[in-house]
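The next block holds one structure in the form of structure tokens; read it before the comments.
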Amino acid sequence: MEQREEQPQHKVRRRRSPRRVIKGGLFLLICGILIAVIIYTPLFTVQRIVVHGNQYLQDNDIVEIGRVYKGQPLFQLETDQVTANLMKDLRIESAVVRRQFPDTLDITIEERRPLATVESNYGYADLGREGKIVASYKNLRQAPLPLVTGVVIQDKFVGDDNSDENISRALAFLGKLDNHALDMLSEIYVGNPDAVIAYTTSSVQIRLGSLDDRLEEKAKLTQDFLDALPASKHLIDFVDFRFKAPYIRLRDFNPDAPEKIK
């Protein structure tokens, strides 16, 4: 039998149709134009910045800290970077940044609430629970923070730690009160460490004596007193927690009948 020699098969290359090439190019061009329009059109740029959760920081402070500005293309804005910028500030505990189409950036923060304000040789400083300075400013602001008086911080800046023992004792005391009680205190005088006095926003004295003695008990008594104070039917001159038998003196005080705290 005769064997036929197999002829090598050559692949036939098909030439792309010029029309298909042109169509593909036009499609890519149109996609590029659409993407550019989406990214750069004013419809998808930051026109509103909405801030939630701030009590002490102003909206414009948060925007500046986050390094965002109106007019930025919304798709180019990196929310992770904005969050990182915010978290570098000691006054911010946590931050969540979201895009909201078509033109809004939503920022939700949780502030690291300072416990007290203290005068410094450069102005005033806000201190956190651990004694770290979280903010400083030249003029005293209207903020619901107790002002620690009788001491002045020297040469301390944001990020520095407090080294004054009297301030540390005051912070330890204030740290045991809840936010409602802190809002009711206007001042705590620590100039004499054996005769510390706190003042409420209604000018009632809370005589604490030394904060080295019975700190937990004095903080608990203060908390209970401040919780009950708004419902008091009497004008109170001062409350004294220096002794184990604390008492309240009323404005129309009768020295023969002091009203004891229950």
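Be aware that the sequence shown starts at 4, since it is given in this note's numbering, and climbs by one per residue.
Glycine is no exception: its CB is placed at the ideal position from the N, C-alpha and C atoms.
- Separation of A222 and D64 (C-alpha to C-alpha, rounded to the nearest whole angstrom) is 34 Å.
- For Q208 against F246, the beta-carbon gap comes to about 15 Å, at or over 8 Å, which does not count as contact.
- P117 counts as buried, since no fewer than 16 other beta carbons sit within 10 angstroms of its beta carbon.
- Close CB contacts of L148 within its chain, under the 7 Å cut and outside five residues either way in sequence, are with P117, A119, T120, D129 (chain order).
- Three or more Cβ pairs drawn from the stretch 86-93 and the stretch 57-72 lie within less than 8 Å of each other, which places the two stretches in contact.
- Relative to L108, the option among E96, T82, G126, I33 whose CA is nearest is T82.
- Three or more Cβ pairs closer than 8 Å define a contact, and the stretch 183-197 falls short of that threshold against the stretch 132-145.
- In the structure shown, the three-state DSSP call for S213 is coil.
- Within a 10 Å sphere around the beta-carbon of D197 sit fewer than 16 other beta-carbons, which makes this residue exposed.
- Between G134 and S171, the CB-CB gap stays under 8 Å.
- For L224, the enclosing alpha helix (DSSP H) stretches over residues 218-231.
- Shortest Cα-Cα distance from T203 to any of E113, L218, L177, I95 involves L177.
- The alpha-carbon separation between E114 and F30 amounts to approximately 49 Å.
- Taking C-beta atoms under 8 Å as the contact rule, R94 and L60 qualify, at a distance of about 6 Å.
- In the DSSP assignment, F241 falls outside any alpha helix (DSSP H) and lies within the beta strand (DSSP E) extending over 239-243.
- For the pair N124 and V155, the CB atoms are nearer than the 8 Å cut-off.
- Per the coordinates, the alpha-carbon of G126 lies some 37 Å from the alpha-carbon of Y250.
- Rounded to whole angstroms, T111 and K159 show a C-alpha spacing of 30 Å.
- When the five nearest sequence neighbours on each side are left out, the beta carbons in the same chain lying within less than 6 Å of the beta carbon of G56 are those of T111, I112, E113, in order along the chain.
- It is roughly 30 Å from the alpha-carbon of T225 to the alpha-carbon of S97.
- In the DSSP assignment, G126 is bridged to S123.
- Here T204 carries a coil assignment [DSSP, helix/strand/coil].
- For the pair L180 and V199, the CB atoms are not nearer than the 8 Å cut-off.
- Distance from the CA of L229 to the CA of I191, rounded to the nearest whole angstrom, comes to 14 Å.
- With contacts defined as CB atoms closer than 8 Å, L238 and R254 qualify as a contacting pair.
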